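First the structure, in the form of C-alpha cells, and then the observations on it.
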Amino acid sequence: MEQNNYYYEQNSMQNPSGAASYCNGVIINNGIHERGMNDINEEDYFNSFPPGFRFCPEDIELIEDYLKKKVNGENLPPNKICVVELYQKHPSELAEDEAYGSGYWKPTGKDKPIQNTCGRAVGYKRTLDFYQGKHPTGLKTDWKMHEYRLTQTQNPNPNDMTAI
Numbered sequence: 023m024e025q026n027n028y029y030y031e032q033n034s035m036q037n038p039s040g041a042a043s044y045c046n047g048v049i050i051n052n053g054i055h056e057r058g059m060n061d062i063n064e065e066d067y068f069n070s071f072p073p074g075f076r077f078c079p080e081d082i083e084l085i086e087d088y089l090k091k092k093v094n095g096e097n098l099p100p101n102k103i104c105v106v107e108l109y110q111k112h113p114s115e116l117a118e119d120e121a122y123g124s125g126y127w128k129p130t131g132k133d134k135p136i137q138n139t140c141g142r143a144v145g146y147k148r149t150l151d152f153y154q155g156k157h158p159t160g161l162k163t164d165w166k167m168h169e170y171r172l173t174q175t176q177n178p179n180p181n182d183m184t185a186i
C-alpha cells in the first residue's frame, strides 16, 4: 500500500471480526483497498467505504497530500473534493451554481502555522465566519470555513492557487 493514497495512523486496530483493519476510519484490508485504485474504478472505490465513513484528515495531511500536490500539478490521492468559488456563493448554496452577493467571509483570529514533523511551517490555517449583509454591518451566521494556504517556500509558482 502506498502512503500517498491513504490516510493512516501508526496505531491502526483490527476490527472484532478480524476481516479488516481500520485506520482513521478507512478499511484497508478488504481486498479493494489492498489492490489500490489501479484495479477498480473510482465509484466502486468510494462505494466500498462503510456507511457513516467520515473524511477527517489532519491539517498537515491537507497541506502535504492535497494542497501542495494540487499547486504543483501532481496527482492527488483518490478524493471527492470539489473545486468551487467559495467567496462567490452563500454557504447554503455551495452545491448549486449561483453567485451570492449579499454576504461576506471575515477572518477570525490569527493564522495558525501548520508544521511538518521537523517543526518547519509548511502552511497556515485560518478560520472565517460568514456574515449576511454588507460589510461592515453584516450579521454573523453559524457558517464557518477553514482556509489552508502554503508558505511562500512551499509554493514554487506564486501566481498559482495556494489556498483551499
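For the sequence shown, this note's numbering assigns the number 23 to the initial residue and increments by one for each residue that follows. Yeah, the Cβ is synthetic: ideal placement off N, Cα and C, and Gly gets one too. Quantities reported herein were computed from a predicted structural model and do not represent experimental measurements.
Going by DSSP, what residues sit across from residue i in a beta bridge?
i           : result
residue 89  : Answer is none; residue 89 lacks a bridge partner.
residue 82  : Answer is none; residue 82 lacks a bridge partner.
residue 209 : Nothing can be reported for residue 209, as the shown portion of the chain is limited to 23 through 186.
residue 130 : 149
residue 135 : 146
residue 166 : 151
residue 172 : 145
residue 12  : Here the chain has residues from 23 to 186 only, and residue 12 is not among them.
residue 125 : 154
Look at the alpha carbon of residue i and the alpha carbon of residue j, and state the distance between them as a whole number of angstroms.
i           : j           : result
residue 198 : residue 146 : Shown here, the chain extends from 23 to 186; a query on residue 198 therefore has no answer.
residue 72  : residue 62  : 17 angstroms
residue 135 : residue 150 : 16 angstroms
residue 85  : residue 170 : 7 angstroms
residue 163 : residue 92  : 31 angstroms
residue 78  : residue 168 : 13 angstroms
residue 98  : residue 83  : 12 angstroms
residue 96  : residue 114 : 31 angstroms
residue 165 : residue 112 : 10 angstroms
residue 157 : residue 174 : 29 angstroms
residue 144 : residue 94  : 14 angstroms
residue 12  : residue 64  : An answer regarding residue 12 cannot be provided, because it is not within the stretch 23 to 186 covered by the chain.
residue 76  : residue 142 : 29 angstroms
residue 110 : residue 74  : 30 angstroms
With residue i and residue j assumed to form a contact (beta carbons below 8 angstroms), what rounded beta-carbon distance in angstroms separates them?
i           : j          : result
residue 103 : residue 88 : 7 angstroms
Output needed for residue i: all residues of its chain with C-beta closer than 7 angstroms, excluding positions within five of it in sequence on either side, in chain order.
i           : result
residue 160 : 125, 126, 153 and 154
residue 139 : none
Sorry if obvious, but does the Cβ on residue i come closer than 6 angstroms to a heavy atom of the ligand MG?
i          : result
residue 87 : Summarising the ligand content, the structure contains no ligands, and the ligand MG is consequently not present.
Cutting at 6 angstroms between CB atoms, please list the residues of its own chain near residue i, excluding the five before and the five after it.
i           : result
residue 129 : 148 and 150
residue 133 : 146 and 148
residue 81  : 136 and 147
Any C-beta of chain B sitting closer than 7 angstroms to the C-beta of residue i?
i           : result
residue 165 : Of the protein chains in the structure, only one exists, and it is not chain B.
Under 8 angstroms Cβ to Cβ from residue i, same chain only, skipping five residues before and after it: list those, please.
i           : result
residue 131 : 148 and 149
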